[in-house]
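Only one structure is covered here, and it is reproduced in the block below.
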Amino acid sequence: MTTLPIRVLVAKPGLDGHDRGAKVIARALRDAGMEVIYTGLRQTPEMIAEAALQEDVDVIGLSILSGAHNALAPRIMELLKTGGLSDVKVFMGGIIPDEDIPMLRSLGIAGVFGPGTSTETIVRAIREAVKE
Amino acid sequence: MDLVDSLLSGNRRALARLITQIENDLPVARNVLATLYMRAGRAHLVGVTGAPGTGKSTLVNELARAFRQSGRTVAIIAIDPTSPFTGGAILGDRIRMRDLSGDSGVFIRSMATRGSLGGLARATADVATALDAAGFDVVLIETVGAGQSEVDIAQLAHTVLVVEAPGLGDDVQAIKAGILEIADVLVVNKADQPNADITVRALRGMLALSQPESGARPTPICETVATEGKGIAELAAAIDDHRSHLNASGGMIERTRARIRRQIETMLREQLYARFISRNGGHAELDAAVEAVMDRRVDPYSAVEEMIK
Chain A
201 MTTLPIRVLV
211 AKPGLDGHDR
221 GAKVIARALR
231 DAGMEVIYTG
241 LRQTPEMIAE
251 AALQEDVDVI
261 GLSILSGAHN
271 ALAPRIMELL
281 KTGGLSDVKV
291 FMGGIIPDED
301 IPMLRSLGIA
311 GVFGPGTSTE
321 TIVRAIREAV
331 KE
Chain B
33 MDLVDSLLSG
43 NRRALARLIT
53 QIENDLPVAR
63 NVLATLYMRA
73 GRAHLVGVTG
83 APGTGKSTLV
93 NELARAFRQS
103 GRTVAIIAID
113 PTSPFTGGAI
123 LGDRIRMRDL
133 SGDSGVFIRS
143 MATRGSLGGL
153 ARATADVATA
163 LDAAGFDVVL
173 IETVGAGQSE
183 VDIAQLAHTV
193 LVVEAPGLGD
203 DVQAIKAGIL
213 EIADVLVVNK
223 ADQPNADITV
233 RALRGMLALS
243 QPESGARPTP
253 ICETVATEGK
263 GIAELAAAID
273 DHRSHLNASG
283 GMIERTRARI
293 RRQIETMLRE
303 QLYARFISRN
313 GGHAELDAAV
323 EAVMDRRVDP
333 YSAVEEMIK
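Residue numbers (my numbering), protein chains in the order written: chain A, 201 to 332; chain B, 33 to 341.
What follows is the structure, given as structure tokens:
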């Protein structure tokens, strides 16, 4: 094995129960040679930060379709910071209005992917972000 | 060495980082492990194996809770397979372990097999050493969903649980060689399902047929319904009993000696190979031998004889 696999935590914070998108992404990242830690539905920000620390991931992918991203994202980013995990790249996907994206980016979210984004685009963005 | 110090003082971030370095086989990890090894040897290593879907992750979750209630700290290594085609993996065991979140006495790490075929990842033993040295009382090691011959866990764990579920095969499956032979404790999970008694009976029949050495301890069969927490206290007690038995009978010393011998043999083999390759100018000689055997100018047996002369 020449290159080390990128480790990604895929999590669904919040209360909506739609995890098909998260599973499609997990599968696509697996097929791109990444190790995906899939944590399932209804993760609290605390659970996500703790899992990211224990699993020593390079990237976190958050899937949010409930509209609660403006509440969840700041809390998750704050917990990552206090946990010494500022170097972990965080991406978001789901139903996120364009006007919210600048605020999310200002929190340090590395990228926001809306519906219809190709999995190739996401894989490329993750590889670029980890290379930095 | 401050990585060792912060790890021994309970820094979880340092522990997580070290595990990554061990998995990636970095030279720095080897140095740290050399120090940590002298501090390890206290933890009870418990292996949990069985076919996919028998409920291993849910059982591990419940067992961890039971051990926590008795005041012990618990580390979990949860292994899932790496794709042979892409090198990627989906590590999904944490889904069943959400109850353990927020407990600082629990540390969960998912590992991909990265090409190993025996049910564990290559670095599992070294990761267990790190968790042991970090002070965890129990290290639960969940193998990949195992078929019949993924038995590496027997060479690593002190106590091996083989998890069965109803409806997975008849009594001939139960007398085949392989995974059932390595069980220190047999678990029939999903014991509330209709055919559970048939599975228990088949296992009991299998145990009655085997002829243990005189004085050997009979293998207990524990029935559980992990999703409801049923039978977990009894299973935790059976695990503790097995450890007491190993300590009292001298089995612990024997297992440890056998494990250390195998570890040294494996490392010796790897190191000798690496040294051979580097001393002979990389892989050129190996490549030449491959071509010679390809063309049937020489047979592989003579080629190797010639190389190690």
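In this text, a Cβ means the ideal position worked out from N, Cα and C, and glycines have one as well.
Inter-residue CB distance, residue i and residue j (contact presumed, cutoff 8 Å)
i, j, result
"E250/A", "L209/A", "Not quite, the Cβ-Cβ distance comes to about 10 Å (not below 8 Å), so this is no contact."
"A75/B", "D169/B", "6 Å"
"G79/B", "V106/B", "The Cβ separation is near 14 Å, so there is no contact."
"L77/B", "A189/B", "5 Å"
"L65/B", "D158/B", "6 Å"
"V192/B", "D216/B", "5 Å"
"I214/B", "V183/B", "5 Å"
"P113/B", "T145/B", "5 Å"
"R126/B", "I237/A", "6 Å"
"A248/B", "A98/B", "Actually they are not in contact, since the Cβ atoms of A248/B and A98/B sit about 27 Å apart, beyond 8 Å."
"I296/A", "I264/A", "7 Å"
"Q187/B", "R275/B", "So it is not a contact: roughly 17 Å between Cβ atoms."
"K88/B", "V195/B", "5 Å"
"A252/A", "L285/A", "6 Å"
Residue range of the unbroken beta strand (DSSP E) whose run includes residue i
i, result
"S263/A", "V259 to I264"
"K289/A", "K289 to G294"
"M143/B", "V138 to A144"
"G311/A", "G311 to F313"
"R207/A", "R207 to A211"
CB contact flag (residue i, residue j, <9 Å)
i, j, result
"G214/A", "S266/A", "yes"
"T256/B", "L47/B", "no"
"I206/A", "V330/A", "yes"
"K212/A", "G240/A", "yes"
"I140/B", "A226/A", "no"
"G294/A", "G217/A", "no"
"A321/B", "E338/B", "yes"
"E55/B", "I111/B", "no"
"A162/B", "L50/B", "yes"
"I276/A", "I301/A", "no"
"G124/B", "I211/B", "no"
"R230/A", "S148/B", "no"
"L132/B", "I109/B", "no"
"L218/B", "T259/B", "no"
"V325/B", "D319/B", "no"
"G134/B", "E278/A", "no"
"G313/B", "E235/A", "no"
"T156/B", "P198/B", "no"
"G177/B", "P84/B", "yes"
"L239/B", "I253/B", "yes"
"T319/A", "V224/A", "yes"
Residue i: contacting residues in chain B (beta-carbon distance under 8 Å)
i, result
"M247/A", "R130, S133 and G134"
"A226/A", "I122"
"R230/A", "S115, T118, G120, A121 and I122"
"E250/A", "S133 and G134"
7 Å Cβ cut-off: residues of chain B touching residue i
i, result
"M234/A", "G120"
Contact set between residue i and chain A, taken where Cβ atoms lie within less than 7 Å
i, result
"T52/B", "D256"
"F139/B", "Q254"
"R45/B", "L253 and G284"
Contact set between residue i and chain A, taken where Cβ atoms lie within less than 8 Å
i, result
"A48/B", "L253, Q254, E255 and D256"
"A144/B", "P205 and E235"
"N56/B", "L204"
Residue range of the unbroken alpha helix (DSSP H) whose run includes residue i
i, result
"A324/B", "A316 to M326"
"A335/B", "P332 to M339"
"I127/B", "That residue, I127/B, is in no alpha helix (DSSP H); it is neither H nor E in DSSP."
"L47/B", "R44 to E55"
"D229/B", "A228 to L241"
"T156/B", "T156 to A165"
"P302/A", "I301 to S306"
"L149/B", "Here L149/B belongs to no alpha helix (DSSP H), and DSSP marks it neither H nor E."
"S38/B", "D34 to L40"
"A268/A", "Here A268/A belongs to no alpha helix (DSSP H), and DSSP marks it neither H nor E."
"R329/B", "Segment: none, R329/B is in no alpha helix (DSSP H) and carries neither H nor E."
Contacts that residue i makes with chain B (C-beta to C-beta distance below 9 Å)
i, result
"G240/A", "G124, R126, I127, R128 and R130"
Any C-beta of chain E under 9 Å from that of residue i
i, result
"D169/B", "Of the protein chains in this structure, namely A and B, none is chain E."
Task: Runs of alpha helix (DSSP H) wholly within the stretch 256 to 286 of chain B (minimum 4 residues, chain order) - done: 264 to 281
Open item on the list: Restricting to runs no shorter than 3 residues, where is the beta strand (DSSP E) found entirely within the stretch 168 to 224 of chain B?
Closed with: 170 to 174, 191 to 196 and 217 to 220
Open item on the list: Give the list of continuous alpha helix (DSSP H) stretches no shorter than 4 residues that lie fully inside the stretch 220 to 246 of chain A.
Closed with: 220 to 231
Task: Length-filtered (3 minimum) beta strand (DSSP E) runs lying within the stretch 67 to 107 of chain B - done: 76 to 82
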